[in-house]
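In case it helps, the working numbering puts the sequence shown at residues 34 to 169.
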Amino acid sequence: MKMPMAAGYLKGHGVDIVDIDRFSVLLNVEFEPFLSRYFTSVELNSIIGSSSGLEKLAGKFAVKESVLKALGVGWGNGISFVDVEVYNHDSGAPAVRLFRRLAELETEMNITGWLVSCTHTRTISMASVVAVGANP
Numbered sequence: 034m035k036m037p038m039a040a041g042y043l044k045g046h047g048v049d050i051v052d053i054d055r056f057s058v059l060l061n062v063e064f065e066p067f068l069s070r071y072f073t074s075v076e077l078n079s080i081i082g083s084s085s086g087l088e089k090l091a092g093k094f095a096v097k098e099s100v101l102k103a104l105g106v107g108w109g110n111g112i113s114f115v116d117v118e119v120y121n122h123d124s125g126a127p128a129v130r131l132f133r134r135l136a137e138l139e140t141e142m143n144i145t146g147w148l149v150s151c152t153h154t155r156t157i158s159m160a161s162v163v164a165v166g167a168n169p
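Here it is as structure tokens:
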């Protein structure tokens with residue numbers, strides 16, 4: 034069932050929570066390979082000099098997972114973590130750009146926009162992503 038929304042019709046919704054302690058262990062074990070495999074240069078540059086860089090990276094990771102859930106697909110089979118790029122509008126609001134196969138899926142599903150929300154504490158990062166489109 035497609036539901037009307039202010040920004041369009043609901044196409045998909047994904048939610049993810051990242052435990053920051055577990056996430057930091059992954060970073061400590063595979064720092065360089067992990068960063069380049071999971072984050073774009075835009076994402077990495079956005080945390081330079083930030084006192085909450087770890088939490089922000091965990092939040093971006095949660096957004097990426099949420100996008101995949103909203104699209105109803107998983108990683109692998111030609112889909113990479115860097116195919117979702119998390120950035121911020123001038124207002125500071127989080128947003129996403131999709132590349133390669135995910136951009137194709139976005140078009141196939143008639144997705145015209147994304148509503149992205151991300152928050153974190155010292156222990157968790159959480160994201161909610163809603164895909165919207167102009168038609169049911």
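Note that CB positions come from ideal geometry on N, CA and C, so glycine has one too.
With 16 other Cβ atoms within 10 Å as the buried cut-off, status of Ser84: Translated into the one-based positions of the sequence shown, residue 84 becomes position 51. Result: exposed.
Proximity of Phe94 and Val129 at Cβ, strictly below 8 Å: The count along the sequence shown starts at 1 and reaches residue 94 at position 61. The count along the sequence shown starts at 1 and reaches residue 129 at position 96. Their beta carbons are not under 8 Å apart, which means Phe94 does not touch Val129 by this criterion.
Assigned secondary structure, Arg55 (DSSP; H/G/I helix, E/B strand, else coil): Sequence index remark: in the sequence shown, residue 55 carries index 22 (1-based). In the three-state DSSP reduction, Arg55 falls in the helix class (H, G or I).
Sequence ranges, alpha helix (DSSP H) only - wholly within the stretch 96–155, length at least 4: The stretch 96–155 contains these whole alpha helix (DSSP H) runs: 133–141.
CB-CB length for Gly47 against Val100, believed under 8 Å: Your numbering for residue 47 matches position 14 in the sequence shown. Your numbering for residue 100 matches position 67 in the sequence shown. About 6 Å; that satisfies the 8 Å criterion.
At least 3 beta-carbon pairs within less than 8 Å: the stretch 107–115 vs the stretch 144–153: No: fewer than three Cβ pairs fall under 8 Å.
Contacts around Trp108, its chain only, beta-carbon distance under 6 Å, and the 5 residues preceding and following it disregarded: What you label residue 108 is simply residue 75 of the sequence shown in a count that begins at 1. Non-local C-beta neighbours of Trp108 in its own chain, meaning closer than 6 Å and more than five positions away in sequence, are absent.
Ala164 in three-state terms, based on DSSP: Taking the sequence shown and counting its residues from 1, one reaches residue 164 at position 131. If DSSP states are grouped into helix, strand and coil, Ala164 belongs with the strands.
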